[in-house]
Amino acid sequence: MNNTMIQYFEWYLPEDHFHWNRVKNDAHNLSRVGFDRIWLPPAYKGQGGPSDVGYGVYDLYDLGEFDQKKTVWTKYGTKEEYIKAIEECHRHKIEVIGDIVFNHRMGADETEKIKAREINWSDRDQALTGEEDVEVWTRFTFPGRKGKYSDFIWDWSCFTGTDYDARTKTTKLLEFNAKKWSENVSQEEGNYDYIMGDDVDFSVPKVVEELYRWGHWYLDQTKIDGFRLDAVKSIDDQFFPGWLNEMRQTRQDNMFAVGEYWSGNVEELVHYLSESQYCMTLFDVPLHFHLRDASTSYDRYDMSKIFEGTLTKEEPQSAVPFVDNHDTQPGQALESWVEDWFKGHAYALILLRDAVCPCVFYGDYVGIEHDQKKPVAGLKEMVWIRHHLLDAENLEDCLDDRHCIGWAAKGPHPVIVVMTNGLSGSKSFCLKGHENAVWIDIFDENNKVLSDANGNGTFSCKDGQCSIYIKEEDHRRMKEDVYYESSNCQ
Ligand code: CA
1 MNNTMIQYFE
11 WYLPEDHFHW
21 NRVKNDAHNL
31 SRVGFDRIWL
41 PPAYKGQGGP
51 SDVGYGVYDL
61 YDLGEFDQKK
71 TVWTKYGTKE
81 EYIKAIEECH
91 RHKIEVIGDI
101 VFNHRMGADE
111 TEKIKAREIN
121 WSDRDQALTG
131 EEDVEVWTRF
141 TFPGRKGKYS
151 DFIWDWSCFT
161 GTDYDARTKT
171 TKLLEFNAKK
181 WSENVSQEEG
191 NYDYIMGDDV
201 DFSVPKVVEE
211 LYRWGHWYLD
221 QTKIDGFRLD
231 AVKSIDDQFF
241 PGWLNEMRQT
251 RQDNMFAVGE
261 YWSGNVEELV
271 HYLSESQYCM
281 TLFDVPLHFH
291 LRDASTSYDR
301 YDMSKIFEGT
311 LTKEEPQSAV
321 PFVDNHDTQP
331 GQALESWVED
341 WFKGHAYALI
351 LLRDAVCPCV
361 FYGDYVGIEH
371 DQKKPVAGLK
381 EMVWIRHHLL
391 DAENLEDCLD
401 DRHCIGWAAK
411 GPHPVIVVMT
421 NGLSGSKSFC
431 LKGHENAVWI
441 DIFDENNKVL
451 SDANGNGTFS
461 CKDGQCSIYI
471 KEEDHRRMKE
481 DVYYESSNCQ
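For the sequence shown, my numbering begins at 1 and goes up steadily by one.
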């Protein structure tokens with residue numbers, strides 16, 4: 001059974017602490033269109049309080065319940081609203097995926113005076129100094145929570161390093177006294193254990209115990225169904241196999257998990273999958289870069305090679321393809337936006353083939369007000385087609401040209417995709433059982449194809465465009481459902 005996930009947030013959502021209510025209100029329509037998984041942003045209090053997107057995590061136990069970092073609510077609302085939104089998703093048979101940020105902590109309550117070595121940012125195995133006196137923000141006592149749910153106090157011994165010395169008021173990479181970056185992480189910059197804030201030390205047993213305790217608490221409180229794991233390339237790769245196993249045993253369920261391992265190198269991703277015992281799927285970052293490159297290269301890109309060197313090709317059962325996300329959108333840290341003219345092509349490539357769990361980005365589905373980005377045309381229709389028509393086990397591929405490629409998903413409700421990054425083109429398919437049928441292009445209702453008495457049809461697309469054909473009666477059904485959705489989403 002294949003799934004369709006939506007990442008239901010983008011970086012610049014309004015700071016109106018209303019998003020959990022938005023999720024609750026939208027759940028019915030999302031399910032009607034065909035989504036059965038929703039990835040929600042980190043729900044806990046970040047150092048930026050009501051304006052933190054969620055990745056500057058301060059207190060994992062504060063889901064918008066305690067007066068900490070200026071407010072009770074988070075950017076998205078209160079704990080009560082979060083839980084109600086999850087319940088509403090469940091009512092509509094949508095699995096809820098929690099965003100789990102374990103790599104770092106930010107916004108400590110107190111400083112500590114310790115010894116540390118300064119480290120070379122571009123070669124993390126190289127110390128620039130010996131042990132020196134520093135003052136670091138590493139003590140988390142959570143005074144607003146007063147020990148509720150957990151009385152665990154984080155101090156410097158729970159971390160490997162940080163990037164600020166309060167004694168000299170300077171930003172520098174520090175590795176703490178007698179500590180060592182984990183070996184089981186990405187080798188970028190020599191060792192990529194450190195990204196930001198206070199880097200959590202997964203070799204400390206009390207830290208690991210606390211993260212297990214928190215996992216049980218989070219499952220119990222929220223009834224979440226799966227996990228999106230932040231920054232796994234900077235976390236000891238031996239941590240998640242055990243943690244996920246414990247969570248899955250608790251729920252007696254093979255809970256879905258997808259890791260964010262930000263690398264365009266498919267071998268690195270496959271290596272990580274194997275080191276972490278295939279305990280999670282990974283976002284297909286190489287495919288994202290291919291889609292971006294294709295969109296910025298126009299007809300210079302070889303479309304027949306779009307899946308070469310991607311996780312979708314090498315490890316299809318462990319790949320979560322996506323087009324863009326909150327980091328790749330305009331203005332963000334990893335900006336690598338797939339150009340608008342290619343978005344339809346890109347979504348057809350991930351949604352209308354045999355991917356087990358592609359992920360649609362909120363910024364493409366709803367739009368991004370901050371950058372005047374409109375919803376991607378045809379995206380709702382594609383999700384509907386994936387859910388209601390697509391037979392992914394019956395693909396006939398025609399990825400045989402530098403510019404014009406296509407495929408047919410056969411079966412009782414065939415779907416035919418033809419796209420080009422150059423001049424107009426066409427592909428012919430024989431669709432047995434669908435003789436003398438009328439096929440309509442979802443992007444242009446006037447573009448119709450008639451298959452002959454043997455089921456043969458020639459399906460075309462215009463210069464630089466993507467066409468998706470379905471049978472006339474399926475098209476009618478789709479319009480009813482998608483129209484219903486549009487008229488009710490205001
Ligand atoms: Ca780390």
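Even glycine gets a Cβ: it sits at the ideal position worked out from N, Cα and C.
Give me the residue from the options with the minimum Cα distance to residue i.
| i | options | result |
| --- | --- | --- |
| ARG228 | SER297, TYR55, THR296, PRO375 | TYR55 |
| LYS479 | LEU431, GLY422, LYS432, GLU381 | GLU381 |
| ARG288 | LEU311, THR138, PRO205, SER150 | The residue you asked about is not Arg; residue 288 is His in the sequence shown. Here the closest residue by C-alpha is LEU311. |
| VAL356 | ALA257, ASN446, ARG105 | ALA257 |
| ASN510 | ASP59, GLN372, GLU473, LYS233 | An answer regarding residue 510 cannot be provided, because it is not within the stretch 1 to 490 covered by the chain. |
| ILE86 | ASN25, ALA178, MET303, VAL208 | ASN25 |
| ILE306 | LEU334, TYR212, MET419 | MET419 |
| LYS93 | GLU335, GLU110, LEU30, MET196 | LEU30 |
| LYS70 | GLY98, PHE142, LYS115 | PHE142 |
| LYS115 | GLY107, PHE102, GLY130 | GLY130 |
| GLN252 | GLU260, LEU219, ILE6 | LEU219 |
| VAL415 | VAL449, TRP214, CYS279 | VAL449 |
| PRO372 | LEU13, ILE442, VAL200 | Reading the sequence as shown, one finds Gln at residue 372 and not Pro. Among LEU13, ILE442, VAL200, the Cα nearest to that of GLN372 is on LEU13. |
| ASP354 | LEU389, TRP439, ASP340, HIS475 | LEU389 |
| ASP236 | ILE350, TYR272, VAL338 | TYR272 |
| TRP39 | LYS148, VAL320, PHE342, GLY344 | VAL320 |
| GLU275 | TYR301, THR296, PHE240, TRP262 | PHE240 |
| CYS89 | ASP36, GLY48, ILE195 | ASP36 |
| GLU264 | ARG248, ASN2, ASP284, SER451 | A small fix is needed here, since residue 264 is Gly in this sequence, not Glu. Checked all of ARG248, ASN2, ASP284, SER451; the closest Cα to GLY264 is ASP284. |
| ARG145 | PHE102, ASP193, GLU65 | GLU65 |
| LYS113 | GLU132, ILE100, SER122, TYR61 | GLU132 |
| PRO412 | CYS466, GLU473, SER428, ASN447 | GLU473 |
| LYS427 | ILE195, PRO205, SER460, ARG477 | SER460 |
| HIS475 | ASN447, CYS466, GLN465, GLY464 | ASN447 |
| VAL207 | ILE153, ASP109, ALA178 | ILE153 |
| HIS370 | ALA166, GLU335, GLY331 | GLY331 |
Could you tell me whether any non-hydrogen atom of ligand 1 is closer than 7 Å to the CB of residue i?
| i | result |
| --- | --- |
| VAL136 | no |
| ASP125 | no |
| ASP234 | A quick correction: the sequence has Ser, not Asp, at residue 234. Yes - ligand 1 has a heavy atom lying nearer than 7 Å to the Cβ of SER234. |
| TYR194 | yes |
| ASN103 | yes |
| ASP324 | no |
| ASP237 | no |
| ASP199 | yes |
Beta-carbon separation of residue i and residue j under 8 Å?
| i | j | result |
| --- | --- | --- |
| TRP11 | VAL72 | no |
| CYS404 | GLY378 | no |
| LEU63 | ILE119 | no |
| PHE18 | GLY98 | no |
| TRP384 | ASP444 | no |
| ASP198 | THR222 | no |
| PHE9 | PRO50 | no |
| GLU246 | TYR212 | yes |
| ASP299 | GLY422 | yes |
| ALA346 | LEU291 | yes |
| ALA294 | GLU260 | no |
| ASN184 | GLN238 | yes |
| PHE322 | PRO375 | no |
| TYR44 | TYR149 | no |
| TYR164 | MET106 | no |
| PHE102 | VAL204 | no |
Can you list, in chain order, the residues of its chain whose CB lies under 6 Å from that of residue i, leaving out five sequence neighbours each side?
| i | result |
| --- | --- |
| VAL417 | ALA348, LEU352, GLY406, TRP407, ILE468 |
| ASP225 | GLU95, VAL96 |
| ALA437 | SER451, LYS471 |
Apart from the five residues on each side of it in sequence, which residues of its chain come closer than 7 Å, Cβ to Cβ, to residue i?
| i | result |
| --- | --- |
| LYS410 | ASP391, ASN394, GLU396, LEU431 |
| GLU81 | TRP20, ASN21 |
| VAL266 | PRO286, GLY309, THR310, LEU311, GLU314 |
| HIS387 | THR4, GLY34 |
| LYS462 | SER424 |
Under 8 Å Cβ to Cβ from residue i, same chain only, skipping five residues before and after it: list those, please.
| i | result |
| --- | --- |
| ASN454 | CYS430, GLU435 |
| GLN490 | Confidence at GLN490 is low in this model, with a pLDDT of 42, below 50, so its placement is unreliable and the value that follows should be read with caution. Same-chain partners within the cutoff: there are none. |
| LYS169 | none |
| CYS279 | PHE240, PRO241, LEU244, ASN245, ALA257 |
| VAL23 | TYR8, ILE38, LEU40, ALA85, GLU88, CYS89 |
Decide yes or no for the touch test of the region 360-371 against the region 385-398: beta carbon pairs closer than 8 Å, at least 3 of them.
They do not touch, by the three-pair rule.
Using 8 Å as the Cβ pair cut-off and three pairs as the minimum, do the region 131-139 and the region 156-168 touch?
Taking 8 Å as the limit for Cβ pairs, the verdict is that the region 156-168 does touch the region 131-139.
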